[in-house]
Amino acid sequence: GVDIINHSVGWVNTNFTDGAGVICGITDDARAKGILWVNAAGNSAQRHYQGSFSDIDDDGWHEFASGDETNDIQLTTWAYIYVFLTWDSWPITDQDYDLYLYDDALNLVAWSEDWQTGTQPPTEAIYYIASPGTYKIAVGKYSATGTQKLKVFTFYQNLEYQTPAHSLMAPADAAGVMAVAAIDQAKWTAGPQ
1 GVDIINHSVG WVNTNFTDGA GVICGITDDA RAKGILWVNA AGNSAQRHYQ
51 GSFSDIDDDG WHEFASGDET NDIQLTTWAY IYVFLTWDSW PITDQDYDLY
101 LYDDALNLVA WSEDWQTGTQ PPTEAIYYIA SPGTYKIAVG KYSATGTQKL
151 KVFTFYQNLE YQTPAHSLMA PADAAGVMAV AAIDQAKWTA GPQ
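Numbering follows our numbering, in which position 38 of the sequence shown is assigned residue number 38; successive positions increment by one, without gaps.
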(Lines of atoms letter the chains of each structure in order from A and count residues from 1; the text may use other names and numbers.)
(Lines give C-alpha, C1' and ligand atoms only; values in the text may rest on other atoms or scores of the structure.)
Protein backbone atom coordinates (compact mmCIF):
# COMPACT_ATOMS: atom_id res chain seq x y z
CA GLY A 1 0.00 0.00 0.00
CA VAL A 2 2.99 2.37 -0.11
CA ASP A 3 2.72 5.11 -2.76
CA ILE A 4 5.62 7.38 -1.81
CA ILE A 5 8.96 6.77 -0.10
CA ASN A 6 10.89 9.74 1.32
CA HIS A 7 14.54 8.79 1.83
CA SER A 8 16.83 11.51 3.20
CA VAL A 9 20.00 9.42 3.09
CA GLY A 10 22.91 9.24 0.67
CA TRP A 11 25.07 6.15 0.24
CA VAL A 12 28.77 6.47 -0.66
CA ASN A 13 30.98 3.91 -2.39
CA THR A 14 28.03 2.05 -3.91
CA ASN A 15 28.44 3.23 -7.52
CA PHE A 16 30.15 5.95 -9.55
CA THR A 17 27.22 8.40 -9.61
CA ASP A 18 25.80 6.61 -12.62
CA GLY A 19 22.49 5.33 -11.26
CA ALA A 20 23.80 1.76 -11.07
CA GLY A 21 24.43 -0.53 -8.12
CA VAL A 22 22.43 -2.27 -5.41
CA ILE A 23 21.03 0.87 -3.73
CA CYS A 24 19.85 2.41 -7.01
CA GLY A 25 18.45 -0.98 -8.04
CA ILE A 26 16.17 -0.97 -5.00
CA THR A 27 14.81 2.47 -5.88
CA ASP A 28 14.35 1.62 -9.56
CA ASP A 29 12.49 -1.55 -8.54
CA ALA A 30 10.17 0.52 -6.35
CA ARG A 31 9.51 2.94 -9.22
CA ALA A 32 8.75 0.03 -11.57
CA LYS A 33 6.08 -1.05 -9.06
CA GLY A 34 4.44 2.38 -9.10
CA ILE A 35 6.07 3.82 -5.96
CA LEU A 36 7.43 7.36 -6.13
CA TRP A 37 10.87 7.41 -4.45
CA VAL A 38 11.84 10.92 -3.33
CA ASN A 39 15.46 11.28 -2.22
CA ALA A 40 17.49 14.14 -0.79
CA ALA A 41 19.95 15.49 -3.32
CA GLY A 42 22.38 16.04 -0.45
CA ASN A 43 24.70 18.83 0.51
CA SER A 44 27.95 17.47 -0.89
CA ALA A 45 28.97 20.04 -3.50
CA GLN A 46 31.85 21.30 -1.33
CA ARG A 47 32.58 17.85 0.10
CA HIS A 48 33.10 16.10 -3.22
CA TYR A 49 36.00 15.88 -5.64
CA GLN A 50 36.09 14.10 -9.00
CA GLY A 51 38.87 13.90 -11.56
CA SER A 52 40.88 11.45 -13.63
CA PHE A 53 44.00 10.04 -11.98
CA SER A 54 46.86 12.40 -12.83
CA ASP A 55 50.50 11.82 -11.96
CA ILE A 56 52.62 14.31 -13.91
CA ASP A 57 55.78 13.63 -11.86
CA ASP A 58 55.28 9.83 -12.05
CA ASP A 59 55.65 9.25 -8.30
CA GLY A 60 52.45 7.22 -7.87
CA TRP A 61 50.41 9.99 -6.18
CA HIS A 62 47.35 11.67 -7.68
CA GLU A 63 47.66 15.40 -8.28
CA PHE A 64 44.47 17.18 -7.26
CA ALA A 65 45.86 20.33 -8.91
CA SER A 66 49.09 21.03 -10.74
CA GLY A 67 51.89 20.21 -8.31
CA ASP A 68 49.54 19.50 -5.37
CA GLU A 69 49.15 15.87 -4.31
CA THR A 70 46.86 16.49 -1.34
CA ASN A 71 43.33 17.79 -0.87
CA ASP A 72 43.21 19.66 2.45
CA ILE A 73 40.44 19.90 5.01
CA GLN A 74 40.34 22.19 8.05
CA LEU A 75 39.11 21.40 11.57
CA THR A 76 38.49 24.09 14.18
CA THR A 77 37.45 21.60 16.89
CA TRP A 78 37.83 17.89 17.56
CA ALA A 79 35.81 16.09 14.91
CA TYR A 80 35.21 12.87 13.05
CA ILE A 81 36.79 12.70 9.62
CA TYR A 82 35.12 10.35 7.14
CA VAL A 83 36.76 10.10 3.73
CA PHE A 84 35.57 7.82 0.93
CA LEU A 85 37.28 6.99 -2.35
CA THR A 86 35.88 5.17 -5.35
CA TRP A 87 36.91 5.01 -8.97
CA ASP A 88 35.14 4.30 -12.22
CA SER A 89 35.78 0.55 -12.44
CA TRP A 90 32.49 -0.82 -11.07
CA PRO A 91 31.33 -3.30 -9.90
CA ILE A 92 34.63 -5.17 -9.31
CA THR A 93 38.14 -4.27 -10.37
CA ASP A 94 41.81 -5.14 -10.49
CA GLN A 95 42.75 -1.44 -10.64
CA ASP A 96 44.07 -0.75 -7.13
CA TYR A 97 44.23 2.72 -5.56
CA ASP A 98 44.72 3.51 -1.87
CA LEU A 99 43.56 6.34 0.40
CA TYR A 100 45.66 8.19 2.98
CA LEU A 101 45.16 10.92 5.58
CA TYR A 102 48.06 13.04 6.84
CA ASP A 103 48.26 15.80 9.43
CA ASP A 104 49.68 19.22 8.53
CA ALA A 105 53.24 18.02 9.30
CA LEU A 106 52.72 15.14 6.81
CA ASN A 107 52.54 12.47 9.51
CA LEU A 108 50.38 9.58 8.31
CA VAL A 109 47.40 9.35 10.71
CA ALA A 110 44.98 7.02 8.88
CA TRP A 111 44.88 4.95 5.72
CA SER A 112 42.87 2.46 3.69
CA GLU A 113 44.78 -0.07 1.58
CA ASP A 114 42.16 -2.67 0.67
CA TRP A 115 43.08 -5.13 -2.07
CA GLN A 116 41.53 -4.83 -5.51
CA THR A 117 42.63 -7.98 -7.35
CA GLY A 118 39.64 -8.47 -9.64
CA THR A 119 36.95 -9.61 -7.21
CA GLN A 120 36.57 -6.55 -4.96
CA PRO A 121 34.73 -3.25 -5.45
CA PRO A 122 36.75 -0.12 -6.25
CA THR A 123 36.41 1.49 -2.83
CA GLU A 124 38.49 2.71 0.10
CA ALA A 125 37.31 4.44 3.29
CA ILE A 126 38.88 6.20 6.28
CA TYR A 127 37.29 6.94 9.65
CA TYR A 128 39.36 9.06 12.06
CA ILE A 129 38.83 11.17 15.20
CA ALA A 130 40.97 14.28 14.79
CA SER A 131 42.09 17.25 16.83
CA PRO A 132 41.84 20.78 15.38
CA GLY A 133 44.15 21.53 12.47
CA THR A 134 44.76 20.92 8.79
CA TYR A 135 44.54 17.39 7.37
CA LYS A 136 45.60 16.24 3.94
CA ILE A 137 43.87 13.59 1.84
CA ALA A 138 46.06 11.72 -0.64
CA VAL A 139 45.34 9.02 -3.24
CA GLY A 140 48.10 6.63 -4.22
CA LYS A 141 48.24 4.24 -7.15
CA TYR A 142 49.14 0.79 -5.84
CA SER A 143 48.59 -1.27 -8.97
CA ALA A 144 46.65 0.40 -11.77
CA THR A 145 47.34 0.60 -15.47
CA GLY A 146 44.95 3.35 -16.47
CA THR A 147 43.86 6.80 -15.43
CA GLN A 148 40.49 5.96 -13.92
CA LYS A 149 38.17 8.73 -12.80
CA LEU A 150 38.41 9.13 -9.03
CA LYS A 151 35.71 10.32 -6.65
CA VAL A 152 36.37 11.53 -3.09
CA PHE A 153 33.60 12.32 -0.60
CA THR A 154 33.81 13.64 2.95
CA PHE A 155 30.85 13.78 5.31
CA TYR A 156 31.60 16.84 7.46
CA GLN A 157 34.51 18.88 6.10
CA ASN A 158 34.72 20.96 2.95
CA LEU A 159 37.52 20.03 0.58
CA GLU A 160 40.21 22.37 -0.70
CA TYR A 161 39.58 21.09 -4.25
CA GLN A 162 35.86 20.61 -4.89
CA THR A 163 33.80 19.32 -7.79
CA PRO A 164 30.12 20.23 -7.33
CA ALA A 165 29.13 18.39 -10.54
CA HIS A 166 28.32 14.71 -9.96
CA SER A 167 28.17 15.20 -6.17
CA LEU A 168 24.91 13.28 -5.76
CA MET A 169 25.15 10.21 -3.58
CA ALA A 170 23.18 7.09 -4.41
CA PRO A 171 20.26 6.72 -4.77
CA ALA A 172 19.63 10.36 -5.73
CA ASP A 173 21.36 9.55 -9.03
CA ALA A 174 19.00 6.66 -9.93
CA ALA A 175 16.76 6.98 -12.97
CA GLY A 176 13.65 6.09 -10.96
CA VAL A 177 14.23 8.66 -8.21
CA MET A 178 13.01 12.23 -7.80
CA ALA A 179 15.97 14.05 -6.23
CA VAL A 180 14.96 17.12 -4.23
CA ALA A 181 16.87 19.98 -2.64
CA ALA A 182 16.17 23.21 -0.83
CA ILE A 183 17.99 26.53 -0.53
CA ASP A 184 17.37 29.72 1.42
CA GLN A 185 14.48 31.48 -0.32
CA ALA A 186 16.45 34.75 -0.24
CA LYS A 187 19.08 33.16 -2.53
CA TRP A 188 16.74 31.53 -5.04
CA THR A 189 17.85 33.70 -7.97
CA ALA A 190 21.62 33.26 -7.45
CA GLY A 191 21.73 29.84 -5.82
CA PRO A 192 23.51 28.75 -2.65
CA GLN A 193 26.87 30.47 -2.95
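All residues carry an ideal CB built from backbone N, CA and C; glycine is no exception.
Backbone secondary structure at residue i - three-state DSSP
i    : result
Q50  : strand
I183 : coil
I26  : helix
A32  : helix
T189 : coil
D18  : coil
G60  : coil
T93  : strand
Which residues DSSP lists as bridging residue i, in chain order
i    : result
H7   : N39
K149 : S52
D98  : G140
M178 : V38
D68  : A65
V83  : I126 and T154
A110 : L101
L75  : G133
A170 : W11
Q120 : T93
Beta-carbon spacing of residue i, residue j below 9 Å
i    : j    : result
R31  : V177 : yes
D173 : N15  : yes
L85  : K151 : yes
I81  : L101 : yes
S66  : Q148 : no
I73  : N158 : yes
P122 : W87  : yes
Given 8 Å, three or more beta-carbon pairs between the region 107-116 and the region 151-171:
Output reads no: the region 151-171 does not touch the region 107-116.
Count the CB pairs spanning the region 102-112 and the region 55-64 that are closer than 8 Å, and state whether there are at least three.
no
Would you check if the region 35-50 and the region 179-188 touch, i.e. whether three or more CB-CB distances between them fall below 8 Å?
yes
Any contact of the region 90-99 with the region 130-145, i.e. 3+ C-beta pairs under 8 Å?
A contact exists between the region 90-99 and the region 130-145.
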